[in-house]
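Position one of the sequence shown corresponds to residue 18 (my numbering), numbered consecutively onward.
Worksheet: one structure, shown below.
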Amino acid sequence: MEGTAPEARKTARRASTPPQHVAIIMDGNGRWAQLRGRPRLFGHQAGARRVREIVRACPDLGVRYLTIFAFSTENWKRTQTEVAGLMRLFRRYIEKEARDLLESGVRVRFIGDRVRLEPRLVALMDFLEELTAENDRVHLTIALNYGGRDEVTRAARRLAHEVAAGRIDPDEVTAETLARFLDTCLLPDPDLVIRTSGEARISNFLLWQSAYAEYEFVDTLWPDFTAEEFAEIIARFGERERRFGGVKA
Ligand code: IPE
Ligand code: IPE
Ligand code: MG
């Protein structure tokens with residue numbers, strides 16, 4: 018591609034069907050801090066700073082939907098200090114980034130169970146969702162107190178109430194019916210799921226939605242994950258052949 022203008026190069030990179038929806042399990046903050054002899058929260062702070070860079074990279078890469086795993090339903094098992102520090106970090110992230118997200122056309126949504134989250138955090142989440150509701154350039158979804166099983170369970174419970182109330186016929190329940198009750202009901206399924214830090218597991222992330230997602234497990238610890246590495250992964254995705262259970266044409 019020598020001699021091509023930067024614009025043409027950008028288009029060329031984009032030509033090989035980018036993933037519409039990328040989901041990221043941002044893992045490795047604790048180990049990143051440990052390697053530096055610092056407390057785990059130091060790693061979480063560094064991790065939070067990475068988010069901005071990755072969100073900003075999305076439009077040029079052709080990624081419309083980005084979903085990031087920030088806190089799982091199992092992460093409450095951590096020490097009170099770490100959990101409280103993370104909750105403070107989420108509040109600060111929203112306060113600090115709201116204006117920039119609004120101005121860069123990012124629509125923010127949160128998925129996960131809000132019931133267990135502190136009211137002042139939930140208020141900020143509602144505020145950011147409302148503030149950015151008209152944006153459409155990039156759809157950023159933040160999974161906070163999110164677990165795939167918990168999400169499907171909550172969806173099933175609400176669906177069961179609808180059936181009990183006579184509003185849905187049990188014989189008419191399809192996969193699409195259930196999907197309408199999921200936290201992600203307004204999002205397309207992820208095409209690509211990335212996990213950093215070398216762990217090759219999904220840790221309860223988007224279990225239902227990732228049925229046909231492509232996976233990329235990279236060794237990089239989340240605070241070291243750059244927009245360049247993100248772009249390389251997106252380019253590799255374009256070379257994959259997705260069959261969805263069918264056969265090659
Ligand atoms: C991911 O980093 C962030 C959260 C789960 C909140 P970790 O905190 O899991 O970092 P490691 O896996 O211990 O290195
Ligand atoms: C998954 O990472 C959750 C988030 C990135 C928020 P964990 O670090 O909690 O997952 P496990 O415990 O290694 O499976
Ligand atoms: Mg981890």
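All C-beta atoms, glycine included, are put in the ideal place defined by N, C-alpha and C.
For I257 and F127, I'd like the C-alpha separation in whole angstroms.
The sequence given here places Arg at residue 257; Ile does not occur at that position. So the alpha carbons of these two residues sit roughly 30 Å apart.
Quick one: Cα of M18 to Cα of R73, how far?
In this predicted model, M18 has a pLDDT of only 39, less than 50, meaning its place in the structure is not dependable enough to derive any value.
Run the proximity test for D130: is its beta-carbon closer than 7 Å to any non-hydrogen atom belonging to ligand 2?
False, no ligand heavy atom lies under 7 Å from that Cβ.
Considering only the alpha carbon of each residue, which of L103, L157 and R105 lies closest to G122?
L157
With L199 as the anchor, note down where its alpha helix (DSSP H) starts and where it stops.
No alpha helix (DSSP H) contains L199, which DSSP labels as neither H nor E.
May I ask you to list the residues that DSSP assigns as paired with L209?
V39 and E231
Figure out for me which residue from A63, D236, E91 and G263 has the closest Cα to the Cα of D167.
E91
According to the neighbour-count rule (16 or more other Cβ atoms, all chains shown, within 10 Å of its Cβ), is D236 buried or exposed?
exposed
Exposed or buried, which one is P35 when buried takes at least 16 other CB atoms within 10 Å?
buried
Using the three-state DSSP reduction, which class does L83 fall into: helix, strand or coil?
strand
Quick check on E114: buried or exposed, where buried means 16 or more other Cβ atoms within 10 Å of its Cβ?
buried
Output yes or no for whether 8 Å exceeds the beta carbon distance between G60 and M43.
In this structure, M43 does not lie closer than 8 Å to G60 by Cβ.
For T98, report the span of its beta strand (DSSP E) as first-last.
Where T98 is concerned, there is no enclosing beta strand (DSSP E), although the alpha helix (DSSP H) it sits in stretches over Q97 to E120.
Nearest by alpha-carbon distance to D208: which of G255, P136 and P76 is it?
G255
Could you tell me which of Y82, L138 and R133 sits nearest to L106, measuring between CA atoms?
L138
Take V100 as the anchor and find which of D130, Y232, L134 and V80 has the nearest alpha-carbon.
L134
Determine the extent of the alpha helix (DSSP H) in which R67 is found, giving its start and end residues.
R57 to L78
Determine the DSSP secondary structure at F242, reduced to helix, strand or coil.
coil
In terms of residues, what are the limits of the alpha helix (DSSP H) holding A177?
G165 to A181
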